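Taking it in order: structure first as structure tokens, then the write-up.
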Amino acid sequence: MGIRAFFKTKQYDIDTGLLGAEPLTGMANQTILQAAESQGLDLPHSCRVGGCGACKCKLKSGKIKALTEAAYVLTEEELQQGYILTCQSQPRSALVLEPAESVSHSSPLISATLKNIEPLTGDIFKITLALKDALAFKGGQYVEVWVPGFQNPRCYSLTNGPQDTGHNIELFIQQCPGGSLSNWLTDHHNLNAELEISQAQGSCTLDGAQQSGPLFFASTGSGFAPILSLLKQGLHESCERDAHVLLGAKTHDDLYAMDELKAIQDGWAGDLHIHQVLSQQADSRVALSGRIQNYLPKLLSSFEPLSMDAFICGNSYMVESVCKEFVVYGLRVNQLHLDKFIDQPINQAKKILVNS
């Protein structure tokens, strides 16, 4: 007679620490965030891939299995205090959590008006928001955009330099096939519509970088927004560090804001090199073809790995692939500053973003 063994997935109680919320039942094969959503509890989250930190909370007791390296997103202080990412943590015992205080809930929102929509490529637009109150921010940070009629906001990185302390901010918005808040923001019918933004958030900034050595910036799509903001800050502060900017795109027509980048290159105190990499087109105007991660080993070969900082912003696949190349070359976690972008359908528009 055959013997059949049945293995039941282990279950654990999860106390989220949220006032009035019942404890969750978490399965060992699902993340804390997945457990919460399956039981109707809306925990703070954004990218779902461990790239933004919006879902962070403190683990007061219990054990988890981390699916990704949280040190790319959480600060050293947060790690020491026991913070985890609920989208990348599976329970391995009963858990007691303490929610992190969200900036958007602890700080007042800023009223804004959608003043301008400018197409940059076939699917990327620059929008201008006029703010009622001035916004203080650092290069590389993002804001949550709250639009009436949408249950939750979405995060978009600022393209301005932090020296721009006026009442206008600019964001690069990439339209999402299938519909999302991004499509609403790039629809000219919504010009002059009223909305709100959060205070600036995010740690993909120059604050965590070393004081010397080369800087590497890599981006695809609308991931160029935080890179441009960082470069504007570096230009304003007369940064003397040599820099390499790697721009990934499908074709030459998908490259944008090149005039702004060229102006930064001309004024950069050190040497700033621009590397355009096309994945679907051979173009005589661009020396490189393929993907950024394929080009990196050759570019990095003449640099001391522990002397540099890398800022990587764009879609999750690119960020993870490029990050892997830097790690293989010898960079440590504190030298890598990441900002992962994802698309999100309109009916799931949530607070979205990405070290950082």
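First residue of the sequence shown: 3, per my numbering; consecutive thereafter.
Using N, Cα and C, we set each Cβ at its ideal position, and we do this for glycine too.
Here the structure is a predicted model, which means the values were calculated and not measured.
Mapping the DSSP letters down to three states, classify residue i as helix, strand or coil.
| i | result |
| --- | --- |
| C157 | strand |
| I16 | strand |
| P347 | With a pLDDT of 44 at P347, under the threshold of 50, the modelled position of that residue is not reliable, and the figure given next carries that caveat. In this structure, P347 counts as coil in the three-state DSSP scheme. |
| K342 | strand |
| L249 | strand |
| H169 | coil |
| T88 | helix |
| E100 | strand |
| L137 | coil |
| V288 | coil |
| G272 | coil |
| N2 | Here the chain covers residues 3 to 358 and nothing more, so residue 2 does not appear. |
| Q283 | coil |
| Q83 | coil |
| V105 | Low confidence applies to V105: its pLDDT is 43, below 50, so where it sits in the model is not reliable, and the reading given next is rough at best. Three-state result, V105: helix. |
| Q143 | coil |
In the DSSP assignment, the alpha helix (DSSP H) including residue i goes from what residue to what residue?
| i | result |
| --- | --- |
| M310 | Counting along the chain, M310 falls outside any alpha helix (DSSP H), and DSSP gives it neither H nor E. |
| P366 | Outside the displayed range of the chain (3 to 358) lies residue 366, so it cannot be described from this structure. |
| Y74 | No alpha helix (DSSP H) holds Y74; DSSP gives it neither H nor E. |
| G269 | 260-269 |
| N301 | The residue asked about is misnamed: residue 301 is Leu in this sequence, not Asn. Taken as a continuous stretch (DSSP letters only), the alpha helix (DSSP H) holding L301 covers 294-302. |
| E322 | 318-331 |
Would residue i and residue j be called neighbours here (beta carbons separated by less than 8 angstroms)?
| i | j | result |
| --- | --- | --- |
| E146 | I199 | yes |
| A171 | L116 | Note that residue 171 is Ile in the sequence shown, not Ala. For I171 and L116, no; Cβs fall outside 8 angstroms. |
| F328 | L338 | yes |
| L99 | C59 | yes |
Can you tell me which of the options puts its alpha carbon nearest to the alpha carbon of residue i?
| i | options | result |
| --- | --- | --- |
| Q177 | L61, H275, D244, T123 | T123 |
| S208 | K342, I66, N336, L35 | The identity of residue 208 in the sequence shown is Leu, whereas the question assumes Ser. When only C-alpha atoms are compared, the closest one is N336. |
| S91 | P110, S221, A72, K67 | K67 |
| N247 | S240, D256, L230 | According to the sequence provided, residue 247 is Val. The question's Asn does not apply to it. With distances taken between Cα atoms, V247 lies closest to L230. |
| P216 | H169, L257, H275 | H275 |
| D311 | G292, A56, M320, Y331 | Y331 |
| Y144 | G55, L87, N185, E79 | G55 |
| Q165 | E24, L233, F313, S291 | L233 |
| K140 | N162, D125, I129, E120 | N162 |
Determine the extent of the beta strand (DSSP E) in which residue i is found, giving its start and end residues.
| i | result |
| --- | --- |
| P110 | That residue, P110, is in no beta strand (DSSP E); it is neither H nor E in DSSP. |
| V149 | No beta strand (DSSP E) contains V149, which DSSP labels as neither H nor E. |
Of all the alpha helix (DSSP H) runs that stay within the bounds of the segment 178-235, which reach a length of 4 or more residues?
183-187
So within the segment 27-72, which uninterrupted beta strand (DSSP E) runs reach at least 3 residues, ignoring any that extend past its ends?
58-63, 66-68
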